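I have placed the structure first, in the form of structure tokens, so that the comments after it can refer back to it.
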Amino acid sequence: MTTPAIFTTPHGRRIAHHLSAGRGPTIVFLGGLKSDMDGTKALHLESWAHAQGRAFLRFDYSGHGQSSGTFEEGCIGDWAEDTFETVHALTEGPLVVVGSSMGGWQALLLARRVPERIAGMVTIAAAPDFIEDGWWAGFTEAQKQALERDGQVELPSDYMEPFVVTKRMIEDGRRQLVLRAPLDLPFPVRCLQGTADTAVSTDTALRLLDHAECPDMRLTLVKDADHRFSDETCLTLIERAIEDVLGADV
């Protein structure tokens, strides 16, 4: 495993990353909650981009992987700042943003901030607004009281160890919502979603498809694919989706 480079954001967070040179648009991979840049999808797409001669960026949000900080200190807004500052500092020109799970939410936040830089987007089990619509909506009264009393609550997960959700995460998540106001995506978008995903439902994918204003947006449902979306068939579908937005004429 190669040692990552480090970029220090204006907020003082040290972001571990790997940037591969090549022709544009630069492909930027945005990982999921508590995942890191050494996951199957990120490494596969980096290798694929290299074979295509394309520039590629993968990185760890603060509190994730090899970047500074702890997960419990962070929130969606912090990771959105990490994404913007890292992309702004390390890349030039158009981008194709590939967002997985929470990274799909981050991709939408980035597009809202710098739409002029986005040439295309691919989402994989995108999870916009999941803190409000998933976590908060699913909390019991006892959990809500614990959050208010203790400032945090522990949640189980089907895909990772239990993790701590803080009051700050909940409150910040409400400031980052993208499905309650107009969402303009003036570039080609390809959304991929597994029907066996127990973390993000097909209803979320359909809600995003219906809500966004986009001239060329398509949703592909993959029967029996789970949230990881990392087997050979799914990885090939991601490659094809990237190729599709790169070649789209909007």
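The working numbering runs 21 ahead of the 1-based position in the sequence shown.
Ideal Cβ positions, reconstructed from N, Cα and C, are used throughout, including at glycine.
Note that this is a predicted model, so its numbers are computed, not measured.
The three-state secondary structure of V108, taken from DSSP, is helix.
The DSSP-derived three-state label of T216 is coil.
Taking a C-beta distance under 7 Å as the contact criterion, A146 and D218 qualify as a contact pair.
Shown here, V118 sits in a strand according to DSSP, grouped into three states. A contact is defined here as three or more CB-CB pairs under 8 Å, and the region 256-263 fails this definition with respect to the region 184-201. Residue pairing by DSSP places Q173 opposite T187 in a beta bridge. Two segments are said to touch when three or more pairs of C-beta atoms, one from each, lie closer than 8 Å; by this definition the region 34-50 does not touch the region 227-244. The C-alpha of T29 lies about 30 Å from the C-alpha of L267. Assignment of E234 by DSSP, reduced to helix, strand and coil, places it in the strand class. Per DSSP, I152 has no beta-bridge partner at all. H85 and D57 have their alpha carbons spaced roughly 6 Å apart. Looking at the DSSP output, H38 shares a beta bridge with A26 and F80.
E102 counts as buried, since no fewer than 16 other beta carbons sit within 10 angstroms of its beta carbon. For R44, no alpha helix (DSSP H) encloses it; the enclosing beta strand (DSSP E) starts and ends at R44 to L51. Using a Cβ distance threshold of 7 Å, V49 and L78 count as a contacting pair.
Residue F105 holds the alpha-carbon nearest to the alpha-carbon of H32 among W126, F105, P209 and L51.
The closest CA to that of G60, considering only A72, F80, R44 and G45, is found on F80.
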